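In the numbering used here, the protein residues as written are 30 to 168.
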Ligand SMILES: [Fe+2]
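Below is the structure:
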């Protein structure tokens, strides 16, 4: 099973505060049958100032820590991107990572307003996918 949305990287957003907690999350994921997890930290400028370079570095470090701990969980990256004015520039420049380098990006709609309508066309480079935890936040 593949988990496409998880805040598992230690200490870079509101996920696990430390490595021990992150490793325990990984053990639980494996016990649940997950073999690949997309680590998708928040990108919310001013609150969670994560960008692709930082997420890639954190994932590379965590991948080694998983190996050292003997936890058979593969990880890749994406991000849980807020709808912000910087969205298209962030995707275009590569500062905001897509899912596993694909043209799909994960976005988190606003918590207190109706999300914007996305129009996609064959000329648009990216495909949005909403954060699966958002319906619980948005009611
Ligand atoms: Fe999320």
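Built from N, CA and C at the ideal position, the CB exists for glycine as well. Treat the numbers as computed from the prediction; the structure is a model and nothing was measured.
Cβ-heavy atom distance between residue 137 and ligand 1 below 8 Å? Translated into positions along the chain shown, residue 137 becomes position 108. Yes, since a heavy atom of ligand 1 falls inside the 8 Å radius drawn around the Cβ of residue 137.
CA-to-CA distance, residue 94 to residue 142, given in whole angstroms: Here residue 142 corresponds to residue number 113 of the chain shown, with the count starting at 1. Here residue 94 corresponds to residue number 65 of the chain shown, with the count starting at 1. So the alpha carbons of these two residues sit roughly 39 Å apart.
Alpha-carbon spacing of residue 91 relative to residue 38, whole angstroms: The residue you call residue 91 lines up with position 62 of the chain shown. The residue you call residue 38 lines up with position 9 of the chain shown. So the alpha carbons of these two residues sit roughly 7 Å apart.
Does the stretch 44–52 come within contact of the stretch 77–84, defined as at least 3 CB pairs closer than 8 Å? no
Contact check, residue 63 vs residue 33 under 8 Å by CB: the rounded distance? Along the chain shown, read from residue 1 onward, the residue named residue 63 stands at position 34. Along the chain shown, read from residue 1 onward, the residue named residue 33 stands at position 4. Not quite, the Cβ-Cβ distance comes to about 10 Å (not below 8 Å), so this is no contact.
Determine the contact status of residue 71 and residue 118, defining contact as a CB-CB distance below 9 Å. The sequence position of residue 71 within the chain shown is 42, counting from 1. The sequence position of residue 118 within the chain shown is 89, counting from 1. At the C-beta level, residue 71 and residue 118 stay beyond 9 Å of one another.
Would you report the Cα separation of residue 79 and residue 154, rounded to the nearest angstrom? Against the chain shown, residue 79 aligns to sequence position 50. Against the chain shown, residue 154 aligns to sequence position 125. Distance between the alpha carbons of residue 79 and residue 154 is about 22 Å.
Whose CA, out of 157, 40 and 65, lies closest to the CA of residue 105? The residue you call residue 105 lines up with position 76 of the chain shown. The residue with the shortest Cα to Cα distance from residue 105 is 65.
So, helix, strand or coil for residue 33, using DSSP? Within the chain shown, numbered from 1, the residue matching residue 33 stands at position 4. Strand.
How about residue 74 and residue 113: are their beta carbons less than 9 Å apart? For the purposes of this step, residue 74 is identified with residue 45 of the chain shown, where counting begins at 1. For the purposes of this step, residue 113 is identified with residue 84 of the chain shown, where counting begins at 1. Yes. Within cutoff.
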